[in-house]
Amino acid sequence: MEKIVILTGAGISAESGLDTFRDEDGLWSRHRIEDVATPEAFARDPGLVQAFYNMRRREAAKARPNAAHEALARLMQAYQGDVVLVTQNVDDLHERAGSQGVIHMHGHLRGALCAACGHRWLAPEEMATGEACPSCNQATARPDVVWFGEIPYQMDEIYDHLSEATLFAAIGTSGQVYPAAGFVIEAKAARAYTVELNLETSDVTSAFAEIRTGPATQIVPAWVDDLLSDRTS
Ligand code: APR
């Protein structure tokens, strides 16, 4: 019984034109995390935080899935249910490429969350400061994204999948943010084969059994083609 668990990061959406975080001109070179991506920042200056996510929501809506997103959708289609895709990304490019059941462990830009009652709804393109929650009507709408200091979503489910993985792949992530950066260790504990696909070495490259280096739009389709040809041979 094969189970492929895939983790993606900002690098898989880079060639779709979306900024990564820690590359030279990445988001964290232009915005301070403590100003735009923590609960304290939202309490202190909700307008600045909403403007940051409105900008990212606009960019994500303009972006198109690339060959790497499409290759993973093809893999999921071929392996019907034996592929679990976990993403740290808050864009919806995996879904727009055809992947279903994607686990967004850091939330997603298309989601709105009520900070008071926990109600979730589809976010508007531009979320205004003090927007009312459609359920409890309090002015506590926030982007449904996981900020630093908050608990990522669906972690129990993710660890269950990792404990059953026969193959774990990390794609386009720098391995600097936990818990995602530790998934390779969990997968190895389950005796999974591990592969990293990235433009350059990450902070956890040494933990992987196999490394494929290059732009995601080249190395991810090639990797998927190898998996699919191995499967039929
Ligand atoms: N193809 C493949 N990999 C790429 C490409 C590309 N075209 N371009 C960049 N990369 C790689 C970079 O080399 C880097 O290792 O993608 C990785 C991006 O790393 P980060 O910018 O740190 O993004 P990510 O790992 O997803 O960050 C994790 O940190 O700030 C938080 O919540 C945020 O989800 C994010 C988390």
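Numbered continuously in my numbering, the sequence shown closes out at residue 278. In this text, a Cβ means the ideal position worked out from N, Cα and C, and glycines have one as well.
- Residue pairing for Glu241: DSSP places it in a beta bridge opposite Ala215, Ile256.
- Counting of Cβ neighbours within 10 angstroms places Pro179 among the exposed residues, the total staying below 16.
- Per DSSP, the continuous beta strand (DSSP E) segment holding Pro188 begins and ends at 186-190.
- Per DSSP, reduced to three states, the secondary structure at Leu63 is coil, with no helix or strand assignment.
- Burial state of Pro188 is buried, judged by a 10 Å Cβ sphere holding 16 or more other Cβ atoms.
- By the neighbour-count criterion, in which 16 or more other beta carbons inside 10 Å mark a residue as buried, Ser219 falls on the buried side.
- Taking the Cα of Met200 as reference, the smallest distance to any Cα among Asp68, Ile49, Met150, Leu212 is reached at Met150.
- Look at Gly194 here: in three-state DSSP terms it is coil, with no helix or strand label.
- Taking the C-beta atoms as reference points, Gly143 is found no nearer than 7 Å to Ala173.
- The beta carbon of Ser251 is closer than 8 Å to none in its chain, skipping five residues each way along the sequence.
- Remark: the C-beta of Gly217 is in contact range of ligand 1, defined as less than 6 Å to any heavy atom.
- Separation of Val249 and Asp205 (C-alpha to C-alpha, rounded to the nearest whole angstrom) is 21 Å.
- Nearest in C-alpha terms to Glu209, of all of Ala55, Ala237, Gln125, is Ala237.
- A distance criterion of 6 Å places the beta-carbon of Ser208 beyond contact range of ligand 1, judged by its closest non-hydrogen atom.
- Listed in chain order, the non-local C-beta contacts of Leu93 below 8 Å within the same chain comprise Asp80, Val81, Ala86, local neighbours out to five positions each way being set aside.
- Measuring C-alpha to C-alpha distances from Ala215 to each of Arg165, Ala186, Glu245, Val190 identifies Glu245 as the nearest.
- The beta carbon of Val147 is closer than 7 Å to those of Leu130, Thr132, His139, Glu140 in its chain, skipping five residues each way along the sequence.
- A straight-line Cα-Cα distance of about 53 Å links Cys162 and Ser278.
- In the three-state scheme derived from DSSP, where H, G and I count as helix and E and B as strand, Arg109 is classed as coil.
- In the displayed model, Arg276 falls within a helix according to three-state DSSP.
- Annotation for Ala267 indicates a beta carbon at 6 Å or more from all heavy atoms of ligand 1.
- About 5 Å separates the CB atoms of Thr211 and Lys48; that is less than 8 Å, so the two are in contact.
- At a Cβ-Cβ threshold of 7 Å, Arg101 and Leu167 do not count as neighbours.
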